[in-house]
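Student:
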Ligand code: 3Y8
Ligand code: NAP
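Residue numbers (the numbering used here): 64 to 306.
1) Determine the burial state of residue 75: buried for a count of at least 16 other Cβ atoms within 10 Å of its Cβ, exposed for fewer.
2) Quick check on the DSSP output: what are the complete alpha helix (DSSP H) runs of length 4 or more inside the segment 179 to 257, in order along the chain?
3) What are the boundary residues of the alpha helix (DSSP H) that residue 142 is part of?
4) I want to know whether the segment 276 to 289 touches the segment 171 to 182 - three or more CB-CB distances under 8 Å.
5) In chain order, what residues of the same chain lie with their CB nearer than 6 Å to the CB of residue 232, ignoring the 5 residues before and after it?
6) When you measure from the CB of residue 281 to every non-hydrogen atom of ligand 2, does any distance come out below 7 Å?
7) Could you please give the first and the last residue of the uninterrupted alpha helix (DSSP H) stretch that includes residue 296?
8) Based on Cα-Cα distance, which residue from 96, 66, 132, 94 lies nearest to residue 296?
9) If I measure Cβ to Cβ from residue 130 and keep anything under 7 Å in the same chain, skipping five residues before and after, which residues do I get?
10) Measure from the alpha carbon of residue 190 to the alpha carbon of each residue in 180, 182, 181, 210, then state which is nearest.
11) Would the beta-carbon of residue 110 fall within 8 Å of that of residue 101?
12) For residue 73 and residue 228, what's the separation of their Cα atoms in angstroms?
13) What residue from 117, 294, 128, 79 has the CA that sits closest to residue 148's CA?
14) Going by C-alpha to C-alpha distance, which of 262, 272, 274 sits closest to residue 164?
15) Any chance the CB of residue 200 is under 7 Å from a heavy atom of ligand 1?
16) DSSP state of residue 90, grouped into three classes?
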């Protein structure tokens with residue numbers, strides 16, 4: 064009987080958790096503990112880091128995990144690297160449940176950059192009204208460009224802000240194009256900064272930017288080492304049943 068560890072925190076991880084629970088497959092859903100109240104799951108949940116790849120290998124052995132599915136966000140690169148290492152050490156099969164990167168559509172005006180620090184550099188210049196929709200963890204990096212008016216969308220109310228001219232909207236996705244368009248019009252947004260997360264949960268701001276004819280500063284996702292990559296819940300269930 065398999066016992067699955069789902070490294071979660073995304074829309075796709077949540078869909079997998081639902082399917083696994085419905086099939087009665089033994090599984091644990093893991094959060095990093097980044098936000099105050101993570102979404103509840105139909106599976107037992109564990110919260111917090113494992114303590115590096117060694118800690119994850121220990122957890123896998125201690126809990127007799129037979130399969131690991133890395134369904135974390137494409138920017139959760141450290142977790143994904145650790146999963147590859149720990150599953151190699153423990154010889155437990157690993158598959159990633161990933162979503163394709165977004166591709167610009169005909170009317171999109173994207174300026175692509177390779178990573179967050181390149182996005183910060185690209186913001187040099189005259190003050191603009193920027194919708195910075197990259198979350199909380201890298202806000203300090205953008206303090207290098209304090210001249211802009213920033214609209215920030217965060218999952219939790221921040222205690223301090225490293226940006227002098229910023230307004231916070233506390234919201235968790237998935238978002239809708241209509242709401243994102245209204246938000247951006249209300250704030251007079253001139254530029255959207257986005258991670259290339261892929262999937263459906265965060266793409267509303269891109270559809271809204273296209274509708275409003277606004278440019279997007281698109282941050283490419285980190286490159287990860289080779290691993291088995293699946294793109295649907297059905298593929299994961301099939302992978303689970305063919306050891
Ligand atoms: C803790 C667990 C669902 C899953 C919801 C997805 C979609 C909505 C869109 C914008 C972009 C951003 C951010 C975002 C989205 C989904 C998915 C996704 C982007 C939760 C969640 C956790 C997190 C962590 C959080 C990060 C932050 C990133 C906000 C749950 C709600 C910006 C990524 O305050 C913090 O510390 C937030 C940290 C990592 C990135 C950052 O650098 O700040 N996600 N997001 C997970 C854990 O503890 O392990 O409660 O559901 C999950 C979701 N966030 O079906 O409801 O699948 O991507 N999450 C990005 O894509 O750019 C918001 O505002 O337009
Ligand atoms: P990260 O930078 O790759 O990971 C940093 C450390 O956080 C990891 O080494 C691990 O700690 C711990 N960690 C990360 N994900 C974990 C999980 N699911 N369960 C247990 N520990 C985890 O990760 P991140 O970018 O901070 O993302 C954290 C969580 O938010 C993940 O669940 C991810 O799916 C979700 N998320 C992230 C983004 C984003 O933009 N980064 C967007 C949406 C959702 P140890 O080394 O101690 O094990």
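No residue lacks a Cβ here, since even glycine has one placed at the ideal position from N, Cα and C.
Tutor: On the basis of the data shown:
1) buried
2) 179 to 185, 202 to 205, 240 to 249
3) 140 to 153
4) yes
5) 216
6) no
7) 296 to 304
8) 132
9) 65, 67, 155, 156, 303
10) The residue with the shortest Cα to Cα distance from residue 190 is 210.
11) yes
12) 30 Å
13) 117
14) Ranking 262, 272, 274 by Cα distance to residue 164 puts 262 first.
15) The closest heavy atom of ligand 1 lies less than 7 Å from the beta carbon of residue 200.
16) In the structure shown, residue 90 sits in a strand (DSSP, three-state: E or B).
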